[in-house]
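2 protein chains.
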Amino acid sequence: MTLSEEDYVKAIYHLGKEQSAPVSTNAIADQMSTKPSSVTDMMIKLAEKGLVNHKKYQGVTLTDHGKAIALSIVRKHRLWEVFLVDKLHFSWDEVHEVAEQLEHIKSEKLINHLDKYLGFPEVDPHGDPIPSKKGEMKKTVKKLLIELPAKSIGICVGVKDTSQAFLRFLDKNGIALGDTISVLDREEFDGSMQIAINGIEIHISQQIAANLFLKIPE
Amino acid sequence: MTLSEEDYVKAIYHLGKEQSAPVSTNAIADQMSTKPSSVTDMMIKLAEKGLVNHKKYQGVTLTDHGKAIALSIVRKHRLWEVFLVDKLHFSWDEVHEVAEQLEHIKSEKLINHLDKYLGFPEVDPHGDPIPSKKGEMKKTVKKLLIELPAKSIGICVGVKDTSQAFLRFLDKNGIALGDTISVLDREEFDGSMQIAINGIEIHISQQIAANLFLKIPE
DNA sequence: AATAATTTTTAGTTAAAACTAAATATTTGT
DNA sequence: ACAAATATTTAGTTTTAACTAAAAATTATT
Ligand SMILES: [Mn+2]
Ligand SMILES: [Mn+2]
Ligand SMILES: [Mn+2]
Ligand SMILES: [Mn+2]
Numbered sequence: 002m003t004l005s006e007e008d009y010v011k012a013i014y015h016l017g018k019e020q021s022a023p024v025s026t027n028a029i030a031d032q033m034s035t036k037p038s039s040v041t042d043m044m045i046k047l048a049e050k051g052l053v054n055h056k057k058y059q060g061v062t063l064t065d066h067g068k069a070i071a072l073s074i075v076r077k078h079r080l081w082e083v084f085l086v087d088k089l090h091f092s093w094d095e096v097h098e099v100a101e102q103l104e105h106i107k108s109e110k111l112i113n114h115l116d117k118y119l120g121f122p123e124v125d126p127h128g129d130p131i132p133s134k135k136g137e138m139k140k141t142v143k144k145l146l147i148e149l150p151a152k153s154i155g156i157c158v159g160v161k162d163t164s165q166a167f168l169r170f171l172d173k174n175g176i177a178l179g180d181t182i183s184v185l186d187r188e189e190f191d192g193s194m195q196i197a198i199n200g201i202e203i204h205i206s207q208q209i210a211a212n213l214f215l216k217i218p219e
Numbered sequence: 002m003t004l005s006e007e008d009y010v011k012a013i014y015h016l017g018k019e020q021s022a023p024v025s026t027n028a029i030a031d032q033m034s035t036k037p038s039s040v041t042d043m044m045i046k047l048a049e050k051g052l053v054n055h056k057k058y059q060g061v062t063l064t065d066h067g068k069a070i071a072l073s074i075v076r077k078h079r080l081w082e083v084f085l086v087d088k089l090h091f092s093w094d095e096v097h098e099v100a101e102q103l104e105h106i107k108s109e110k111l112i113n114h115l116d117k118y119l120g121f122p123e124v125d126p127h128g129d130p131i132p133s134k135k136g137e138m139k140k141t142v143k144k145l146l147i148e149l150p151a152k153s154i155g156i157c158v159g160v161k162d163t164s165q166a167f168l169r170f171l172d173k174n175g176i177a178l179g180d181t182i183s184v185l186d187r188e189e190f191d192g193s194m195q196i197a198i199n200g201i202e203i204h205i206s207q208q209i210a211a212n213l214f215l216k217i218p219e
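If you're matching them up, the sequences are chains A and B in order. Its first residue numbered 2, the first sequence is counted upward by one per residue in my numbering. Its first residue numbered 2, the second sequence is counted upward by one per residue in my numbering.
Right, here's the structure in full:
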C-alpha cells in the first residue's frame, strides 16, 4: 500500500460511514483536494487490488478487505493523536496534520506498543472512538447539541468539525470533552441556545450547537 | 524535500564523514541499494537545489545547506530510536527500520517536544551522538576495542556495526552500552582478545573487537 | 604510452500519481 | 420525453524516481 492509496481508502471510509449509498467520485475528489479524473484512475487501481467495488458511473464502496485497511489507518491516526496530546502536550487543534503523516508508518509492533504505552485509550482527543487491533470500534450513542430540547443535559464527548478555528473557539470558551452541558433555552428562530457549561451560562450560535456531540444519560 | 532526497542526503553525510575526499557515485548506489545511473540523476537534482557540490566524474560533497539538512534528519532518526527503546521498550536491534520511516515526519514542534519529553538525550541507543536543534553534535573521543593494548580499560559507548546479528550477539553475551571493559590479553595472531566485562572474563574474536567503541578515561 | 578495467554519465523506458481537455453517461428540469 | 446541467470517464501530458543499455571519462595495468 502506498501512502496515496491509504489516504484514498481512508477518505472513502469516512465519506461512506455517513450514508448507505456508494461514495461518489466528486465527493472523494473534494475530500482529497484533487480532480475527479485522478479519482477515477485511483478507483480503477483500488478495484484491481480488491479494496473497492467500482461500477462505472455508480461510485464506490469498500470491500471487507478495504474496510479493514481503512480501520487500521484510522486506528493509527487516532492513537498518534492521543500520544501527541497526552505525552507531548500538543493541543487538540494541532494534532491532525502530524497524525496525517504518522498514520502511514508501517510497523505492527510500533502501533501495538504505542497502544499499550498510552493505556489502551478508547477515544482520541476529539472524542472519536479508536478501533481495536481487529478493527472493532465502540459505537458511541451521541447526539448533536442542536438536536436536544430545552431542559436536557449531556456530557460533551466529541466534535463534528475538527478545524483549528472551531477547536480554538471551544478552548477560548472553556468547552472541553468531558464537560457537562445543560440546555437552558432554545431560540427556534436562529437555532441559537443558552447553555450552562460546568455551571457557567453562555449563549452559543447554531453553528456551534451543530458541531458538538453530547452523550445523553438514560 | 521528498523522502527520497532526504535519504540520499543522509547517505552522503554518513559516507562523507569517514574521509575528506568526495563521495563516489558507486558508494552512494551501494548504500542506497540502487543503480549508479539513478544516483547520477539524483545528484544533478540535488546540485540544482544547492545541497551538494557535483563535478562530473568527481563525486559529490554536501554544501553547508545540505549538511544542515542531513544533521536534522540524523537528529530525528536518533531521537526516535531513543523513544522506541526508552518508552516503547523496543530492543536496540529492532529500532532502525522504524526510525528510518519516522525520521521523515515533518514537524518542527513534534521533534522538539519529543526531545524534551525524552529528557534531551545526548546519545542514541547505539551510543551515537544526537545533533542539537542547531546541528551541533558532541564529538565523542572513542576508540575501537581492537586498537587498545593489553591492560587498558574503557567504557563501552557505541557500536560500529548496527546489524541485528551483531547487536543480538552482544545482548547474548551480556555486553551493553555503559559497561566497563578491560583488555586482559591480546592475541596478535588472529586479533582475538581476552577481556573482562563487568568482572566476567570472556574471549572475543577480532570481528567483535573491531566493532565495539570504547571511551578511554584520561 | 597504450590498452584494459572500472566508474560515471547519457539516452531512452517504465510506473505512479497527478493534471487538462474532451467524450460519454447520468440526473434534473421543463 | 427531451434538452440542459451535472457527474464521470477517457485520452493524452507531466513529474518523480526508478530502471537498462550504451557511451564516455577516469584509473589501473602492462
Ligand atoms: Mn495521511
Ligand atoms: Mn481525531
Ligand atoms: Mn529514511
Ligand atoms: Mn542509531
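Don't be surprised by glycine CBs; every beta carbon is placed ideally from N, CA and C. Predicted model, so just to flag it, every value in this text is computed and none were measured.
Check, Outcome
"If you draw a straight line from the C-alpha of A:Ala210 to the C-alpha of B:Glu49, how long is it?", "53 Å"
"Less than 6 Å separating the Cβ of A:Glu82 from some heavy atom of ligand 2?", "yes"
"What did DSSP end up calling B:Lys239 once you bin it into helix, strand or coil?", "This structure does not reach residue 239 of chain B, given that chain B is present from 2 up to 219, and the question cannot be answered."
"Specify the secondary structure class of B:Asp31 as computed by DSSP and reduced to three states.", "helix"
"Following the continuous alpha helix (DSSP H) through B:Glu95, name the residue where it begins and the one where it ends.", "Element bounds for B:Glu95: n/a, residue is neither H nor E."
"Go through its chain and collect everything with a Cβ distance to A:Gly175's Cβ below 8 Å, but skip five positions before and after it.", "Ile198, Asn199 and Ile201"
"I'd like to check one pair, A:Ile112 with A:Lys68: are the Cβ atoms closer than 7 Å?", "no"
"Ligand 2 heavy atoms versus the CB of A:Asp94: any closer than 6 Å?", "no"
"Taking any Cβ of chain A, which residues in the stretch 106-127 of chain B have a Cβ under 8 Å from it, in chain order?", "Ile106, Lys107, Ser108, Lys110, Leu111, His114, Leu115 and Tyr118"
"I'd like to know whether the C-beta atoms of B:Leu103 and A:His114 end up nearer to each other than 7 Å.", "no"
"Following the continuous beta strand (DSSP E) through B:Phe214, name the residue where it begins and the one where it ends.", "Leu213 to Lys216"
"Does the beta-carbon distance from B:Leu52 to B:Gly136 come in below 7 Å?", "no"
"From this set, A:Glu123, A:Pro23, A:Ser39 and A:Val86, which residue's C-alpha is nearest A:Lys56's C-alpha?", "A:Pro23"
"Count Cβ pairs between the stretch 138-151 of chain B and the stretch 177-184 of chain B that sit closer than 8 Å; are there 3 or more?", "yes"
"Going by DSSP in three states, A:Asn199 sits in which element: helix, strand or coil?", "coil"
"Between the alpha carbons of B:Trp81 and A:Asn212, how many angstroms are there, rounded?", "36 Å"
"If the cut is a Cβ gap below 7 Å, which residues of chain A does B:Gln165 touch?", "Simply none; closest approach about 14 Å."
"Taking all protein chains shown into account, decide if A:Met44 is buried (16 or more other Cβ within 10 angstroms of its Cβ) or exposed.", "buried"
"Could you give the distance in angstroms between the alpha-carbon of A:Glu7 and the alpha-carbon of A:Ile74?", "7 Å"
"Going by DSSP, what residues sit across from B:His105 in a beta bridge?", "B:His105 pairs with nothing; no bridge assigned."
"What does B:His90 touch in chain A if you count any residue whose Cβ is under 8 Å from its own?", "His114"
"Less than 8 Å between C-beta atoms, sequence neighbours within five positions excluded: which residues of the same chain meet that for A:Phe91?", "Leu85 and Val99"
"For A:Val99, return the contacting residues in chain B, with the cut-off set at a CB-CB distance below 9 Å.", "Ile106, Lys107, Ser108, Lys110 and Leu111"
"Can you find a heavy atom of ligand 4 that lies under 6 Å from the Cβ of B:His127?", "yes"
"For B:Asp186, name the three-state secondary structure that DSSP assigns.", "strand"
"Just tell me which of B:Val83, B:Glu188, B:Lys216 and B:Asn27 has its CA closest to the CA of B:His204.", "B:Glu188"
"With a threshold of 7 Å on Cβ separation, who are the neighbours of A:Val96 within its own chain once the five nearest residues in sequence on each side are excluded?", "Glu82, Leu85, Val86 and Pro126"
"Pull the bridge partners of B:Thr130 from the DSSP assignment, please.", "A small fix is needed here, since residue 130 of chain B is Pro in this sequence, not Thr. Partner(s): B:Val124."
"Which word fits A:Ala166, buried or exposed, when buried means at least 16 other C-beta atoms lie within 10 angstroms of its C-beta?", "exposed"
"Considering just the uninterrupted stretch of the beta strand (DSSP E) at B:Gly155, what are its terminal residues?", "Ile154 to Val160"
"List the residues of chain A whose Cβ lies closer than 7 Å to the Cβ of B:Leu103, in chain order.", "Ile106"
"Ordered along the chain, which non-local residues of its own chain (more than five positions away) have a Cβ less than 6 Å from that of A:Ile70?", "Val10"
"Between B:Leu178 and A:Ala177, what straight-line distance do the alpha-carbon atoms span, to the nearest angstrom?", "45 Å"
"Please go through the same chain and pick out, in chain order, the residues whose beta-carbon is closer than 7 Å to the beta-carbon of A:Arg79, but skip the five residues on each side of it.", "Asp125, Asp129 and Ile131"
"What number of angstroms, rounded off, separates the C-alpha of A:Pro218 from the C-alpha of B:Glu109?", "42 Å"
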